[in-house]
């Protein structure tokens with residue numbers, strides 16, 4: 001009787017082979033030089049295959065970077081969270097800035113109305129500049145500046161002065177050269193809520209306000225949420 005062989009691949013690990021008509025399935029380990037061939041039931045092989053693929057998936061997931069969100073800065077460093085807001089209704093653009101210390105405590109918050117209606121990218125760049133200026137006035141020299149605008153973050157880190165935001169980025173970097181150390185990571189909007197709400201508040205109220213150490217009551221719950229992560 002002619003033998004019929006059937007192989008089923010399982011990536012770089014196990015594979016199966018059927019020998020003979022109606023014969024059992026044999027499972028082999030591909031990396032062995034002289035693999036030992038054993039007979040197993042189909043149910044057993046399906047279970048091993050599922051466990052193997054599950055282990056590979058778990059390993060892959062563990063290697064992915066964790067989405068940790070907002071976190072307080074290291075000792076002697078301050079977080080500067082910034083956000084820009086604009087609208088299609090003809091209202092002036094605005095920016096929001098909040099600075100935290102290493103304990104997660106708010107040092108200062110600012111809700112600023114700008115002098116014109118800007119596009120989104122320009123408003124975000126002006127928010128970054130406002131945050132740096134505020135830190136400089138407070139004699140803070142080791143900072144982590146967090147923005148949800150990927151374009152602005154990339155421009156700062158690559159020292160790119162192209163496009164409409166080029167001059168703003170150049171000015172921001174000139175200021176940062178006076179700091180002892182700085183980083184500018186990208187932060188998702190979900191973790192930048194205080195700065196976002198500050199920018200929205202300036203746009204809606206058409207005013208510029210600042211709070212030093214005393215937390216604005218309308219943002220107390222959001223600030224408390226940030227502190228809870230410290």
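Residue numbers (UniProt numbering): 1 to 230. Positions of the beta carbon are idealized from the N, C-alpha and C atoms, including for glycine. No experiment lies behind these values; they were computed from the predicted model shown.
Cut-off 7 Å between Cβ atoms - residues of its own chain near residue i, not counting five sequence neighbours on either side
i	result
residue 75	102
residue 223	106, 194, 215
residue 155	165, 169
residue 209	111
residue 192	81, 83, 146, 148
residue 180	141, 142
DSSP-derived helix/strand/coil call for residue i
i	result
residue 83	strand
residue 277	With the chain covering 1 to 230 only, the question about residue 277 has no answer from this structure.
residue 137	helix
residue 204	helix
residue 193	helix
residue 121	helix
residue 92	coil
residue 167	helix
residue 224	helix
residue 155	helix
residue 105	coil
residue 72	coil
residue 199	helix
residue 116	coil
Bridge-paired residues (DSSP) for residue i
i	result
residue 146	81
residue 110	97, 210
residue 186	147
residue 130	Bridge partners of residue 130: none, in fact.
residue 181	142
Nearest-angstrom Cβ-Cβ length linking residue i and residue j, presumed shorter than 8 Å
i	j	result
residue 116	residue 92	6 Å
residue 130	residue 107	About 15 Å; that fails the 8 Å criterion.
residue 147	residue 153	5 Å
residue 78	residue 140	5 Å
Residues near residue i in its chain [Cβ-Cβ closer than 8 Å; skip 5 each side]
i	result
residue 182	142, 143, 144, 145, 176
residue 114	92, 93, 94, 95, 123, 126
residue 100	72, 73, 78, 79, 81, 106, 107, 226
residue 90	117
Proximal residues to residue i (C-beta, below 6 Å), its chain only, five neighbours per side dropped
i	result
residue 189	148
residue 187	146, 148
Test: residue i CB closer than 9 Å to a CB of chain C
i	result
residue 225	No chain C appears in this structure, which consists of one protein chain only.
*Between the segment 115-128 and the segment 164-179, do three or more beta carbon pairs fall short of 8 Å?*
yes
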